[in-house]
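This report concerns only the one structure given below.
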Amino acid sequence: AARNGDVAVRGYAPSMGQIFLRRFQLVTHFRQALDTGQVEVHFQPKIALRDREVIGVEALVRWSHPEFGRLDPDEFVPAVEATGLVDALTCFVMERALEQVRGWLDRGLRLSAAVNLSVRNLADEDFPDVVAEALGRTGVPPELLTFELTESGVMADPERALPVLRRLHALGVVLAVDDFGTGYSSLAYLRQLPVDEVKIDKSFVFGMGSDLSDMAVVRSIIELGHSLGLAVVAEGVEEDAVRDQLVGMGCDTAQGYLISRPLPPDRFEAWLRARTVR
Ligand code: C2E
Ligand code: CA
Ligand code: CA
Ligand code: CA
Numbered sequence: 065a066a067r068n069g070d071v072a073v074r075g076y077a078p079s080m081g082q083i084f085l086r087r088f089q090l091v092t093h094f095r096q097a098l099d100t101g102q103v104e105v106h107f108q109p110k111i112a113l114r115d116r117e118v119i120g121v122e123a124l125v126r127w128s129h130p131e132f133g134r135l136d137p138d139e140f141v142p143a144v145e146a147t148g149l150v151d152a153l154t155c156f157v158m159e160r161a162l163e164q165v166r167g168w169l170d171r172g173l174r175l176s177a178a179v180n181l182s183v184r185n186l187a188d189e190d191f192p193d194v195v196a197e198a199l200g201r202t203g204v205p206p207e208l209l210t211f212e213l214t215e216s217g218v219m220a221d222p223e224r225a226l227p228v229l230r231r232l233h234a235l236g237v238v239l240a241v242d243d244f245g246t247g248y249s250s251l252a253y254l255r256q257l258p259v260d261e262v263k264i265d266k267s268f269v270f271g272m273g274s275d276l277s278d279m280a281v282v283r284s285i286i287e288l289g290h291s292l293g294l295a296v297v298a299e300g301v302e303e304d305a306v307r308d309q310l311v312g313m314g315c316d317t318a319q320g321y322l323i324s325r326p327l328p329p330d331r332f333e334a335w336l337r338a339r340t341v342r
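Below, the structure is given as structure tokens:
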């Protein structure tokens, strides 16, 4: 479908007015989508590179609109993030993630779940209380919940973000810097933040098999991360050769299509079963 001004417009460069209209429509539909079961959370596994054990998942939002079909998170998440609705999105994903971790614990599996945060969550001084309540209610140990935040999310307003991050960290949840390597002040600011993990942006990981400069970036992020006492995760691992290189470089954790695409909960369960039976 390529109707003008409609959320299904594709295939040509839209004008500013069209972009604005499309964003507005996305956000208008999203509230209803949350309430009517159009929004789901999928899980993509992370493995320890040392022994290839599954250690957890990243929770990723998915939206299937009855008329517009599957919508791309890279498009609708930024639109939702620009509004207060992102609180509802984050809570929705966190609730699904904690339910899932609880279910695994009840079956004797200790897997963690990572939830992506937005600038607005980091500017919301009530957010740590919301998290504490959800952890208490589900009985999930805080170390099994990770929050992924971007450098731009923190740097948008560090004065507000830092106290929120400190309080989240004090709860015992794991904090990870996402898309690492794509920002500007990476090295200097990393030391100031209460974070436990860095996640190397997939744009560097894709190229490391064939591009020496990508390989050098990945290697130096791993070394830097370890020298600061942080765990290092590589996302976007699509090839055996890249995984093997990451093992050689001492990277801790891998996530990517080589291991699995993000899967809906039932298919993730089947994937997990097939993998642990082997
Ligand atoms: P992200 O946080 O960097 O998430 C990783 C993205 O990389 C996901 O795209 C995932 O499907 C994709 N990916 C993982 N492994 C591979 C691989 O091996 N190859 C390739 N080509 N891609 C891989 P997705 O799910 O489309 O999400 C895109 C972005 O949307 C996310 O980037 C994140 O910024 C945002 N997002 C997704 N879910 C949420 C959410 O629940 N809350 C918030 N605030 N943002 C979200
Ligand atoms: Ca992420
Ligand atoms: Ca990322
Ligand atoms: Ca991203």
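The sequence shown begins at 65 in this note's numbering and counts up one residue at a time.
Even glycine gets a Cβ: it sits at the ideal position worked out from N, Cα and C.
Completely contained alpha helix (DSSP H) runs for the region 204-240, where each covers 4 or more residues: 215-219 and 222-235
For Ala-280, report the span of its alpha helix (DSSP H) as first-last. 276-291
Tell me whether the beta-carbon of Gln-102 lies closer than 8 Å to the beta-carbon of Leu-124. no
Helix, strand or coil for Ile-83 per DSSP? helix
Do Gly-217 and Leu-181 count as a contact pair if the criterion is CB distance below 8 Å? yes
Using only the heavy atoms of ligand 2, determine whether one of them is closer than 7 Å to the beta carbon of Glu-104. no
Straight-line Cα distance separating Thr-340 from Leu-239: 28 Å
Under 8 Å between C-beta atoms of Lys-110 and Val-297: yes
What residues are listed by DSSP as bridge partners for Val-118? Ile-111
Thinking C-beta only, is Ala-234 closer than 8 Å to Glu-261? no
Is Phe-244 helix, strand or coil by DSSP? strand
For ligand 2, enumerate in chain order all residues having a CB closer than 6 Å to any of its heavy atoms. Glu-122, Asn-180, Glu-212 and Asp-242
Local conformation of Gly-271 per DSSP, three classes: helix
For Val-301, which residues from the same chain have a beta carbon less than 8 Å from its beta carbon, with the 5 sequence-adjacent residues on both sides left out? Val-269, Arg-307, Leu-310, Ala-318, Gln-319, Gly-320, Tyr-321, Leu-322 and Ile-323
Cutting at 7 Å between CB atoms, please list the residues of its own chain near Ala-198, excluding the five before and the five after it. Met-158, Glu-159 and Leu-162
Beta-carbon spacing of Arg-95, Leu-153 below 8 Å: no
Check the DSSP bridge columns for Gly-133 and list the partner residues they point to. His-129
Tell me which residues share the same chain as Asp-136 and place their Cβ nearer than 7 Å to its Cβ, disregarding the 5 neighbours each side in the sequence. none
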